[in-house]
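K.L.:
Here it is, the structure in full.
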Amino acid sequence: MAVVVAGVLLTSGLAAAGAAADPAAKFSPRVRDIVGELTLDEKLSLVHGGTDPNSVGEAGYVPGVPRLGIPSLRLADGSAGVRVDKPSVVMPAPVSLASSFDESLATRYGAGVGREARALGTDALLSPMVNTIRIPYGGRNFETFSEDPLLTSRIAAAEVKGIAGQGTIPVVKHLAGNNQENDRQTINVQMDDQTLHEVELPGFEAAVKAGAGAVMCSYNNFNGPSACANGDLLTGILREQLAFKGWVMSDWRMSLTPESLPKGLDQEMPDGTYFGDQLKTAISEGKIPQSALDTAVARILGQMDRFHLLDNPARPSRDLAGLTATAQDVAQAGAVLLRNEKAALPLSTTRSGSVAVIGYNAKTPKLNGGGSSHVLPSATPASPLDVIKQRAGSATTYTPGYDPAGEAVPADALSPAYTQGGGLPAGSEGVFYNGTITAPTEGDYSIQLQATGGGGFLQVDGVASGLFGDSIATGYTGITVHLTAGQHSLLLYGFADFVKPLQVNLHWLTPAAAQTKIAEAVAAAKAATTPIVFAYDDSSEGLDRPDLSLPGYQDELIDAVATANPRTVVVLNTASAVKMPWLAKTAAVLEMWYPGQKGAEATTALLYGDANPQGKLTQTFPVDEAHTLVSGGAGLYPGQDGQVKYTEGVDIGYRWYADKKMTPLFPFGYGLSYTSFAYSGLTATNASDGGLDVRVTVRNTGTRTGTEVAQVFLGPSPLVTAPQAPTALGGYAKVTLTAGAYRTLTIHVDPRQLSYWDSAAKAWKRGGGTRSVKAGSSSASLPLSTQVAVN
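When you line the sequence shown up against mature numbering (1 follows the signal peptide of the UniProt record, and there is no 0), it's residues -17 to -1, 1 to 774, in that order.
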């Protein structure tokens, strides 16, 4: 459907407008005419959400104005597929997409979900999320891209172009500093101006330039004011510095005031608590100028016009086959091979012998994360177990090893009684159980909840807490806690979906039952030639992970299996970094992230060498909780006295590790292949656009075709007194080579990568002088180095 192309999106003629300006001179004649004909009530109806009489299960709805030909506007969550009331293709998590380092694939990903959104009756997609991966615990790390601003920018821009090219409005989120879930609605993010511009804003800037039609502001406060009522952020930076021409909507159920409108917020979602009658009163009393409302309406209509929605375009047909194929391609391209001792992978039906498949998510596949990115699959997904059996043969054995379901907590162990399936009504939030749980013996108890219709958290003895989410895909989620024999307090807090109730079953896995399951897995591993252990975590919007361990007894399970059989292969379905105390005992580790509904096929293709791993980590994996940039105290994370301080400044992720000279478990940019690559011939010269042209030759020194991501890192400028990162990604290029082949790549370093933000001057300044240029396969493997005098 050829509606809009990227070039047109960026040259639509719309101009940024201050809230107090006369909108008549700021927008197209068509938009000006419509705004002039709207009544006050009609204008108000466009700046907040409403109830859809013909709902398709979308996240938000804005009623149209039929008498003027303004159609309604439906908004759908879309980070990893389109979330409405119909099954759709579950896409790999965005962190998997970013791990491909492939902009063309990101455009294809965006185009696929953009078309699916329009076909399913929606008009705007709440995607992509471009917030920085700052902490390894982040509950939504799977839903965003990277700890590196350049990589985030390139993947975000490519996805936005894909979405917009289908006539769907991309809504980039969440501006700004929404880099943790704990206390996200109350925390005040303290971030200096240089860090904001160099680390957090680049993804938003790239999305704006690529054609995003709307920006969602974040729940948190930002340097004092709410991010959704922050004039410096929404007007001074977003509209004036970044030249954003679209509209700003609130995150869902923000605590706002009508005064947020003149500060730069154009639309309240999903209802009109503040931008309905309260805003009408404020305008009628002269507290808020009518022009502020007119400007907000014009911004919304301007984007609807730009995307041709005012012309009621026909909706495309669904392309489930094409989108499903994209899902598998992304899952394969984004998978990261973390370990492969003695070429344990790829497996083969001849030399791998009998296979023991172990792990709950081998049979019940982990497709995606919880919260607003959770999508119901368009077809019943195959399990890794079933697909592996097709390759390894019918003699393949299976044992769960770790059964998160366990058994229902006995009635006599809970006081007061708990009714299985209890929870909360639709649209509500709060405590739905507060009592005690009695442990019969001392030991580690895995307390699990199966939830539908929402999520929440549980607390044991007031301190041990864990999150749970809509757990249709994996069954049960929860925490493992050490309990002494006797009573312990148990609190369950939940939040229900807007349209269906939260229902929760409460189970546990006792120490004795867990050891029985692990013993069964060990026996299976000993009897097999190759054990394959599948492990997972359950990240979700709403809460961060409590630690870096795999949930339940999974770490203990992997350790026991790998001890019993050193040929053990581990497949991870995790959202972000996990610690791996068992790593040295394993033969191979493959990080598949949350791979979407074609994850089983993608995983098996990689395990058996039908596809060669090519993904690279977009975030640093720390050794453990004591070795992260937020290990230094509560003020860094999760916050202290309502404040979280970004004292690391521009030294985010791998930059912090380089500054501290600390070795992580796995570095940024890391990823193995079934072949090998060598680098040579590094040169760097000044380019005509003010950037650099870096040339490097990459040779495939292995025995099979493979794909490498060549990465260029820059050292600091000797002429700059402002804080600088000790190393920063300057550019990258992806190349596929047959065995023995080589190619000389030219990797362009954009002028922005040679610049820093001068907070005093409020401008980008060039970091000149002699700077180091390094090239290699990751931030910690840079065998080539040269210097260049930056003009």
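Heads up, the beta-carbon is just placed ideally off N, CA and C, and yes, glycines get one too. Owing to the predicted nature of the structure, the values given are computational and were not obtained by experimental measurement.
Name, in chain order, the residues that DSSP records as bridge partners for Arg66.
P.N.:
Asp60
K.L.:
Val154 and Ala210: beta carbons closer than 7 Å?
P.N.:
Not a contact, by the Cβ cut-off of 7 Å.
K.L.:
Are at least three pairs of beta-carbons, each pair with one atom in the segment 154 to 172 and one in the segment 726 to 743, less than 8 Å apart?
P.N.:
no
K.L.:
Give the straight-line distance between the Cα atoms of Ala394 and Thr419, rounded to the nearest whole angstrom.
P.N.:
Each residue's alpha carbon lies about 11 Å from the other.
K.L.:
Near Ala212, which residues of its chain fall below 6 Å by C-beta distance, leaving aside the five closest residues on each side in sequence?
P.N.:
Ser243 and Lys246
K.L.:
In this structure, what does DSSP give as the bridge partners for Met199?
P.N.:
Lys156 and Met232
K.L.:
Mind checking which residues open and close the beta strand (DSSP E) that includes Trp491?
P.N.:
Leu485 to Leu492
K.L.:
My understanding is that Ala570 touches Val552, with C-beta atoms under 8 Å, so please give their C-beta distance in whole angstroms.
P.N.:
6 Å
K.L.:
Can you list, in chain order, the residues of its chain whose CB lies under 6 Å from that of Trp576, leaving out five sequence neighbours each side?
P.N.:
Ala76, Val78 and Ser79
K.L.:
Only counting the same chain, and skipping five residues up and downstream in sequence, which positions put a Cβ closer than 8 Å to that of Tyr44?
P.N.:
Gly32, Gly33, Thr34, Asp35, Ser38, Ser55, Leu56, Arg57, Leu58 and Pro253
K.L.:
How far does the alpha helix (DSSP H) with Trp639 in it extend, from its first residue to its last?
P.N.:
Tyr637 to Lys643
K.L.:
Out of Ala388, Ala746 and Val771, which one is the CA nearest neighbour of Asp176?
P.N.:
Ala746
K.L.:
Please classify Gly(-5) as buried or exposed, where buried requires at least 16 neighbouring CB atoms within 10 angstroms.
P.N.:
Reliability fails at Gly(-5), whose pLDDT of 29 lies under 50, so the model's placement of it is uncertain and the value that follows must be treated cautiously. Exposed, because fewer than 16 other Cβ atoms sit within 10 Å of the Cβ of Gly(-5).
K.L.:
Out of curiosity, what's the CA-to-CA distance linking Arg754 and Ser136?
P.N.:
Spanning the two alpha carbons is a distance of roughly 23 Å.
K.L.:
From the DSSP output, which residues share a beta bridge with Ala571?
P.N.:
Asn323 and Val552
K.L.:
I'd like the list of long-range same chain contacts for Gly317, defined as Cβ closer than 7 Å, with 5 residues on each side in sequence excluded.
P.N.:
Pro75, Ser79, Leu80, Ser82, Ser83, Trp576 and Gly598
K.L.:
Sorted by chain position, which residues of the same chain lie with C-beta nearer than 6 Å to Glu574's C-beta, five sequence neighbours on each side aside?
P.N.:
Val319, Leu321 and Leu555
K.L.:
If you compare alpha carbons, which of Val30, Glu25 and Pro70 is closest to Pro49?
P.N.:
Glu25
K.L.:
Please confirm whether Pro193 and Val231 have their CB atoms less than 7 Å apart.
P.N.:
The residue asked about is misnamed: residue 193 is Ala in this sequence, not Pro. Not a contact, by the Cβ cut-off of 7 Å.
K.L.:
Roughly how many angstroms separate the alpha carbons of Glu324 and Val340, rounded to a whole number?
P.N.:
19 Å
K.L.:
Is the beta carbon of Val96 sitting closer than 7 Å to the one on Val73?
P.N.:
no
K.L.:
Name the two residues that bound the continuous beta strand (DSSP E) containing Asp741.
P.N.:
Per DSSP, the unbroken beta strand (DSSP E) holding Asp741 starts and ends at Ser738 to Asp741.
K.L.:
If you compare alpha carbons, which of Val172, Phe205 and Phe128 is closest to Gly622?
P.N.:
Comparing C-alpha distances from Gly622 to each of Val172, Phe205 and Phe128 shows the shortest one belongs to Val172.
K.L.:
DSSP puts Asn114 in a beta bridge; with which residues?
P.N.:
BP columns for Asn114 are empty, so no partner.
K.L.:
Near Glu503, which residues of its chain fall below 6 Å by C-beta distance, leaving aside the five closest residues on each side in sequence?
P.N.:
For Glu503, same chain residues with a beta-carbon under 6 Å away, outside a window of 5 residues either side, are Thr382 in chain order.
K.L.:
Closer than 8 Å by C-beta to residue 828: which residues in its own chain qualify, once you throw out the five before and the five after it? Chain order, please.
P.N.:
Shown here, the chain extends from -17 to 774; a query on residue 828 therefore has no answer.
K.L.:
With C-beta atoms as the reference, is Leu306 less than 7 Å away from Thr601?
P.N.:
No, the pair does not count as a contact, with Cβ atoms beyond the cut-off.
K.L.:
On a Cα-Cα basis, can you pick out the residue from Pro399, Pro701 and Thr264 that is closest to Gly750?
P.N.:
Pro701
K.L.:
Mapping the DSSP letters down to three states, classify Thr704 as helix, strand or coil.
P.N.:
coil
K.L.:
Contact between the segment 674 to 687 and the segment 603 to 611: three or more CB pairs below 8 Å?
P.N.:
no
K.L.:
Cα separation between Ile152 and Leu109?
P.N.:
9 Å
K.L.:
Can you list, in chain order, the stretches of the beta strand (DSSP E) that have 3 or more residues and sit fully within the segment 579 to 663?
P.N.:
626 to 628
K.L.:
Throw me the rounded Cβ distance for the Tyr138 and Glu183 pair, which I believe falls under 8 Å.
P.N.:
Per the sequence shown, the amino acid found at residue 138 is Ile instead of Tyr. Actually they are not in contact, since the Cβ atoms of Ile138 and Glu183 sit about 16 Å apart, beyond 8 Å.
K.L.:
Would you mind reading off the limits of the alpha helix (DSSP H) that contains Thr546?
P.N.:
Element bounds for Thr546: Gln537 to Ala547.
K.L.:
Indicate the three-state DSSP secondary structure (helix, strand or coil) for Pro360 in the structure shown.
P.N.:
strand
K.L.:
Would you mind stating whether Phe227 and Leu216 have Cβ atoms separated by less than 7 Å?
P.N.:
no
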